[in-house]
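In what follows, a single structure is set out as structure tokens and then discussed.
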Amino acid sequence: MFKNHVTHNLSAYLHGELSADAAVTVQTHLSDCSSCRNAMEEVRFGEQLVSALQQVEAPESIWNEIHSASKMQDATKQRLHWPNRMIAAGIAVAFVLALGLFLHSHIPNVPRGDLASWEVASVRGTPRIGRLQLTGTGRLRPGDSLQTNANSEAEVRIADIGQLDLDPNSRIRLISSNSDLHRIALERGKMTARTWAPPRLFVVDTPSSTAVDLGCIYSCEVQRDGSTLLHVTLGLVALDFHGHETIVPAGAFCRTRPDGGVGTPYFDDSSELLQTALNYVDFGKDEVERGRQLDIVLREARPRDTLTLWYLTSRLREPLRAATVDRMAKLVPFPQTVTRSGVLTLDADMMDLWKAELERVW
Amino acid sequence: MQLCTVTSDFPIDDRTIEACQRGDSEGFRLLFEVYKDRVYSIALYYFNGDEASAHDITQQIFLKLLTHISQFESRSEFSTWLYRMVANACLDRKRALRRFLSFDGSRVDKIPETRKSIEDKVIQREREASIRSAISGLRPKLRMAILLKHFEELSYDEIAVVLGCSKGTVASRLNRGHQILAQKLAHLRGDGAGGGTLEE
Numbered sequence: 000m001f002k003n004h005v006t007h008n009l010s011a012y013l014h015g016e017l018s019a020d021a022a023v024t025v026q027t028h029l030s031d032c033s034s035c036r037n038a039m040e041e042v043r044f045g046e047q048l049v050s051a052l053q054q055v056e057a058p059e060s061i062w063n064e065i066h067s068a069s070k071m072q073d074a075t076k077q078r079l080h081w082p083n084r085m086i087a088a089g090i091a092v093a094f095v096l097a098l099g100l101f102l103h104s105h106i107p108n109v110p111r112g113d114l115a116s117w118e119v120a121s122v123r124g125t126p127r128i129g130r131l132q133l134t135g136t137g138r139l140r141p142g143d144s145l146q147t148n149a150n151s152e153a154e155v156r157i158a159d160i161g162q163l164d165l166d167p168n169s170r171i172r173l174i175s176s177n178s179d180l181h182r183i184a185l186e187r188g189k190m191t192a193r194t195w196a197p198p199r200l201f202v203v204d205t206p207s208s209t210a211v212d213l214g215c216i217y218s219c220e221v222q223r224d225g226s227t228l229l230h231v232t233l234g235l236v237a238l239d240f241h242g243h244e245t246i247v248p249a250g251a252f253c254r255t256r257p258d259g260g261v262g263t264p265y266f267d268d269s270s271e272l273l274q275t276a277l278n279y280v281d282f283g284k285d286e287v288e289r290g291r292q293l294d295i296v297l298r299e300a301r302p303r304d305t306l307t308l309w310y311l312t313s314r315l316r317e318p319l320r321a322a323t324v325d326r327m328a329k330l331v332p333f334p335q336t337v338t339r340s341g342v343l344t345l346d347a348d349m350m351d352l353w354k355a356e357l358e359r360v361w
Numbered sequence: 000m001q002l003c004t005v006t007s008d009f010p011i012d013d014r015t016i017e018a019c020q021r022g023d024s025e026g027f028r029l030l031f032e033v034y035k036d037r038v039y040s041i042a043l044y045y046f047n048g049d050e051a052s053a054h055d056i057t058q059q060i061f062l063k064l065l066t067h068i069s070q071f072e073s074r075s076e077f078s079t080w081l082y083r084m085v086a087n088a089c090l091d092r093k094r095a096l097r098r099f100l101s102f103d104g105s106r107v108d109k110i111p112e113t114r115k116s117i118e119d120k121v122i123q124r125e126r127e128a129s130i131r132s133a134i135s136g137l138r139p140k141l142r143m144a145i146l147l148k149h150f151e152e153l154s155y156d157e158i159a160v161v162l163g164c165s166k167g168t169v170a171s172r173l174n175r176g177h178q179i180l181a182q183k184l185a186h187l188r189g190d191g192a193g194g195g196t197l198e199e
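Each protein sequence line maps, in turn, to chains Z and E.
Each residue of the first sequence is one higher than the one before, starting from 0 at the first, in numbering that gives the first Met the number 0.
Each residue of the second sequence is one higher than the one before, starting from 0 at the first, in numbering that gives the first Met the number 0.
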């Protein structure tokens, strides 16, 4: 009898999301169709159940933590240009205390006095520390490797400064761990780290770069060819390659390759076209094609993508550098004290000033 | 934990957003005050009352907001972005939580307190716990659509933008989600399970 039931429109009808005509159609149908009326009753009852949920007041402490963490982010950025390490460290410690208090509120404490070895827990399957199969918890000591297969995952306490998740098919090796530096090698696979320590205490070596933690959440993935993909969720990470440092901010990716060094950072919400083209600009060999791909990067760039363009500026030669600078200036005009010629010659002060301006949109 | 009124008022205007973009801390504080309970509540109910998760997500969202608000040109763009971040953060957290719980399974499962008598509170808590548990058992996409509709009163078009799907998909997810809840909680029928009845 009924060719067009209206069950797919019931929530929309209930929420007043249908056009007047469609609503009349549903209403008319419901008056004649017991099946749809029953369905309507279920949807209505489900909606009533949900409406019993009450909004809950967020704890005031969140504001204090955000306030402290934002100070830390500012301080960490300034540290890149700022020689006064004592002041920066003081601000960092303030942040660490605030964030540490929060994180420790739902993560159990690590026993002190055994920083040289790290607690490891199997999350799934049986990871291995060396040849030892891990079913519960164990300890990772300097020189030891922790390895997962396709069916296992592990979680590691980074001494008393953070936590690390090791994905399936991954391997890390603990190189050293003391109060000044905690260092591991990510030999393959993927790890995610959360730290609440002052910057530069946790370092991850990969086959193609070294990731230096500036606080506080990021993932690192090493692929079969030794290339690495870094993604920063919160805070900043410095990627070091033969002494050249690239700072990757929250929300950004950066690729590195054993034969090509550190690529250019890019935001995770940048267009796929930009990301694909940037990969060629970073690691492609054909100069003509690199120019074509750079055109795509420049065309696709939004103001926020000046992060990418700023790093490209010092890595490209003319005429590609000028094209990049001009596009950047269209997206975010030069500050008064910065000139086009100064940027083209990579004047350090001007580059820093312009970067400070660009960071407002990053 | 304190309850607060669910409101559809939207006191944040473009000037507040602009003030935040200029680095005005009072503007950001206002933004925080307006949205914090909504963000916290979505995360809290998404994670079946897990306060640590709700706390973590709320902190992450506002930190990101603080550092990236300069990108937004209009209020609508801002709110869409905010709730998209909340949805993504909940999904990310869900993936990560499985691992954290292996170290710390002592999750506190608290529920909102009311001013009712102790007996009423117990009954209220049991009902709400049932509803919350049923919601947390929904597939993440159904769950988030329901929470965005209830706590934010977003239109289907707005939810579609936040979740990156079509308006029809939103309608379908809400239909399905509400029907599943009704079936799972059929024992609450006629038991004052409706929104007003539960609270009054």
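C-beta: ideal position from N, C-alpha, C; glycine also.
Contacting residues, own chain, Cβ-Cβ under 7 Å from arginine 223 of chain Z (five flanking each side not counted) = The same chain holds no residue with a CB closer than 7 Å to that of arginine 223 of chain Z once the five nearest residues on each side in sequence are set aside.
Assign histidine 149 of chain E to one of three DSSP states: helix, strand, or coil.
-> Looking at histidine 149 of chain E - three-state DSSP - the assignment turns out to be helix.
Limits of the alpha helix (DSSP H) - the one that leucine 357 of chain Z falls within | Its alpha helix (DSSP H) spans residues 347 to 357.
Would DSSP call valine 4 of chain Z helix, strand or coil?
-> In the sequence under discussion, the amino acid at residue 4 of chain Z is histidine, which differs from the valine named in the question. In the displayed model, histidine 4 of chain Z falls within coil according to three-state DSSP, outside both helix and strand.
Give me the Cα-Cα distance between threonine 307 of chain Z and alanine 321 of chain Z, rounded to the nearest whole angstrom.
-> Approximately 15 Å between the Cα atoms of the pair.
Got a sec, what are the start and stop residues for the alpha helix (DSSP H) cysteine 19 of chain E sits in?
-> For cysteine 19 of chain E, the enclosing alpha helix (DSSP H) has its first and last residue at 13 to 20.
Threonine 205 of chain Z, DSSP secondary structure in three states | Strand at threonine 205 of chain Z.
Contact check, asparagine 168 of chain Z vs threonine 134 of chain Z under 8 Å by CB: the rounded distance?
-> The beta carbons of asparagine 168 of chain Z and threonine 134 of chain Z sit about 19 Å from each other, so the pair does not count as a contact at 8 Å.
Integer Cβ distance of arginine 92 of chain E from isoleucine 145 of chain E, believed to fall under 8 Å = Their Cβ separation, rounded to whole angstroms, is 18 Å, which puts arginine 92 of chain E and isoleucine 145 of chain E out of contact at 8 Å.
Lysine 166 of chain E: which of Z/Met350, Z/Ala328 and Z/Leu17 sits nearest, CA to CA?
-> The residue with the shortest Cα to Cα distance from lysine 166 of chain E is Z/Leu17.
Which runs of the alpha helix (DSSP H) spanning at least 4 residues fall entirely within the stretch 306 to 346 of chain Z, listed in chain order?
-> List check, alpha helix (DSSP H) in window: 319 to 330 and 339 to 343.
Proximity to proline 198 of chain Z [Cα-Cα], best of Z/Arg140, Z/Asp212 and Z/Leu319 | When each option's Cα is compared against that of proline 198 of chain Z, the closest is Z/Asp212.
Own chain partners of leucine 173 of chain Z with C-beta closer than 6 Å, once the 5 adjacent residues on each side are dropped = Once the five neighbours on either side are set aside, the close Cβ partners of leucine 173 of chain Z are Leu139, Pro141, Asp143 and Ile183.
On a CA-only basis, which of E/Ser52, E/Ile158, E/Arg28 and E/Tyr44 is nearest leucine 65 of chain E? Give me that one, please.
-> Its Cα nearest to that of leucine 65 of chain E, the residue E/Arg28 stands out among E/Ser52, E/Ile158, E/Arg28 and E/Tyr44.
Check whether the Cβ atoms of aspartate 281 of chain Z and glycine 259 of chain Z sit closer than 8 Å, and answer yes or no.
-> In this structure, glycine 259 of chain Z lies closer than 8 Å to aspartate 281 of chain Z by Cβ.
The stretch 150 to 165 of chain E / the stretch 78 to 90 of chain E touching (three or more Cβ pairs under 8 Å) = Verdict: yes, contact present.
Quick one: which residues of the stretch 160 to 172 of chain Z get their C-beta closer than 7 Å to a C-beta of chain E? List them in chain order.
-> Answer in chain order: Asp164.
Neighbour-count burial assignment, alanine 51 of chain E, 16 or more Cβ in a 10 Å radius | Classification of alanine 51 of chain E: buried, given that the 10 Å Cβ count is 16 or more.
Which residues of chain Z have a Cβ atom closer than 8 Å to the Cβ of aspartate 36 of chain E, listed in chain order?
-> In chain order: Gln54, Val55, Glu56 and Ala57.
Top-ranked residue by Cα proximity to valine 38 of chain E, from E/His149, E/Cys19 and E/Gln20 = Considering only E/His149, E/Cys19 and E/Gln20, the residue with the shortest C-alpha distance to valine 38 of chain E is E/His149.
Rounded separation between phenylalanine 61 of chain E and serine 78 of chain E - CA only = Each residue's alpha carbon lies about 13 Å from the other.
Name the DSSP beta bridge partners of arginine 138 of chain Z, please?
-> Looking at the DSSP assignment, arginine 138 of chain Z forms a beta bridge with Z/Glu118.
State yes or no: is the beta carbon of leucine 30 of chain E nearer than 8 Å to at least one beta carbon in chain Z?
-> Between leucine 30 of chain E and chain Z, the shortest Cβ-Cβ separation is not below 8 Å.
The stretch 294 to 304 of chain Z in contact with the stretch 336 to 348 of chain Z per 3-pair CB rule at 8 Å = With contact defined as three or more Cβ pairs closer than 8 Å, the stretch 294 to 304 of chain Z and the stretch 336 to 348 of chain Z are not in contact.
Could you say which of E/Arg138, E/Thr15, E/Gln178 and E/Gln182 lies nearest to valine 42 of chain Z if we only look at CA atoms?
-> Closest by C-alpha distance to valine 42 of chain Z, out of E/Arg138, E/Thr15, E/Gln178 and E/Gln182, is E/Gln178.
How many angstroms separate the CA atom of glutamate 286 of chain Z from the CA atom of glutamate 151 of chain E?
-> If I take the Cα positions, the gap works out to 51 Å.
Residues of the stretch 315 to 349 of chain Z whose Cβ lies closer than 8 Å to any Cβ of chain B, in chain order | No chain B is part of this structure, whose protein chains are labelled Z and E.
Any C-beta of chain Z sitting closer than 8 Å to the C-beta of glycine 194 of chain E?
-> Because glycine 194 of chain E sits at a pLDDT of 39, beneath the cut-off of 50, its placement in the model cannot be relied upon, and the point is left open.
Arginine 138 of chain Z versus chain E: which residues are under 9 Å apart at the beta carbon?
-> Below the 9 Å Cβ cutoff, chain E contributes no neighbours of arginine 138 of chain Z, its closest Cβ being approximately 14 Å away.
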